[in-house]
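What follows is a short report on a single structure.
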Amino acid sequence: MSRVQITSAKRIVIKIGSSSLTGKAGSALDAQAVEKLVTVVAGCKARGAEVVVVSSGAIAAGLAPLGLASRPKDLATQQAAASVGQGLLIAQYTKSFAKHAITASQVLLTTEDVVRRAHYQNAQRTLYRLLQLGVVPVINENDTVGTQEIRFGDNDRLAALVSLLIGADLLVLVSDIDALYDAPPTQAGAKPIHEVASIADIESVVLGGAGSAGVGSGGMVTKVEAARISTSAGIPMLLTSLEDLDQSMQGAERGTHFHAHATKTNSRLLWLAHATTTHGKLILDAGAVTAILERGVSLLPAGVSSVTGSFSAGDAVELVGPDGTVIARGLVAFDSEDLPQMLGRSTKELAQALGPEYERELVHRDDLVLI
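Printed below as a string of structure tokens:
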């Protein structure tokens, strides 16, 4: 099948994992690996494409200077290693890109930067301007300040969200595994899957764990989830190895090509589904669940039986059925402290009892996405 979506892409996000950037021992930054990636990026820019790099490797790069033989388990030491390694990582990128007369910039993001709408828009404006100036932004999660509870956890998801953020034409994940396989790659007889028309086509595939070198946090599961996010937004994804990257980008049948959906999901709804942190739950009755799932209506106070969590109007919340199943996420129109007096009552009744400002939806259908 043609890979014209890959070869014709004009705005590309390329993510490279820690295990692809470190030496065979899995602890030192491999300058030659960075050079190889940068050469491919320079080639993309030479044909007129804009490129954003999402690079893991800060923690891995900081291990050797700190005398650590392997990736630490505790968050504090991981953050210390990231603090040391991030400077080494961006210095290598700056040096390598300079050989091609390309300027690189460092962009460190936290979940707040893609969860809070104002931060999201500011990051978007900055990245757009950098691309206009011909710069290659090198993005990483800000591991030094992120907490265990609010981290992306892996750069595969971050890369998918960045592709939404900048309206990319293509997302590329560079891994130590050269493709998605129909069985664990180490298993005898495992075969690469070169084309994936729909994520549903690979539901039965057994996905492995973390990277083979043991220095990253992402595995094949996170890569498939990244594909789910990007392809839903109409952005195709390519999974390949550093060794095959150049040929893959030129359309060769290397790696795995995840096809973009013909019908795009609204990027704002994808942001709501994948980039937001929820602050509470609205427990719905069975009738409200049916109305939302089958008719796509807004959620009214009459359909909510209880509330958990503390949140403000405009925050993201989960919509949960009577059996505890999360069916949707949405932006709630009222503060949590206002809701107890509203539950189970019609908007007309609320307007008469509390005022006209209460005659509206609890979660408008335009601010709601099914999970």
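Position in the sequence shown counted from 1, then plus 31, gives you our numbering. The beta-carbon is built from N, C-alpha and C at its ideal position, and this holds for glycine as well. Everything numeric in this text was worked out from a predicted model, so none of it was measured.
Expressed to the nearest angstrom, what Euclidean distance is found between the alpha-carbon atoms of residue i and residue j?
i       : j       : result
Glu-390 : Gly-286 : 53 Å
Val-83  : Ile-45  : 6 Å
Leu-399 : Ala-129 : 45 Å
Leu-362 : Gln-278 : 43 Å
Gly-226 : Asp-369 : Reading off the sequence, residue 226 comes out as Glu, not Gly. Each residue's alpha carbon lies about 50 Å from the other.
Pro-387 : Leu-192 : 38 Å
Ile-170 : Gln-117 : 11 Å
His-292 : Gln-36  : 12 Å
Ala-190 : Ser-377 : 43 Å
Can you tell which of the options has its C-alpha closest to the C-alpha of residue i?
i       : options                            : result
Ala-80  : Gln-63, Gln-281, Ala-347, Gly-327  : Gln-281
Ile-43  : Ile-197, Ala-113, His-225          : Ile-197
His-150 : Thr-108, Ile-230, Thr-307          : Thr-307
Glu-274 : Leu-60, Val-65, Gln-36             : Val-65
Ala-231 : Gly-220, Ser-263, Lys-222, Gly-250 : Ser-263
Lys-379 : Leu-331, Ala-132, Ala-322          : Leu-331
Val-31  : His-131, Gly-98, Ala-199           : No statement about residue 31 is possible, as the shown extent of the chain runs from 32 to 402 and does not include it.
Decide if residue i is buried, meaning its Cβ has at least 16 other Cβ atoms within 10 Å, or exposed.
i       : result
Ile-208 : buried
Arg-326 : exposed
Glu-172 : buried
Val-357 : exposed
Asp-144 : buried
Asn-153 : exposed
Thr-217 : exposed
Asn-297 : exposed
Ser-403 : Outside the displayed range of the chain (32 to 402) lies residue 403, so it cannot be described from this structure.
Ile-402 : exposed
Arg-160 : exposed
Asp-397 : exposed
How is residue i classed by DSSP in three states: helix, strand or coil?
i       : result
Asn-153 : helix
Thr-262 : helix
Val-246 : The predicted model places Val-246 with a pLDDT of 37, which falls under 50 and marks its position as unreliable; any figure quoted below should be read in that light. Three-state DSSP puts Val-246 in coil, outside helix and strand.
Pro-223 : strand
Asn-186 : helix
Pro-168 : strand
Glu-380 : helix
In the DSSP assignment, what residue or residues form a beta bridge with residue i?
i       : result
Asn-173 : Paired residue(s): none; Asn-173 is not in a bridge.
His-288 : Glu-226, Leu-269
Ile-208 : Looking at the DSSP assignment, Ile-208 forms no beta bridge with any residue, so it has no partner.
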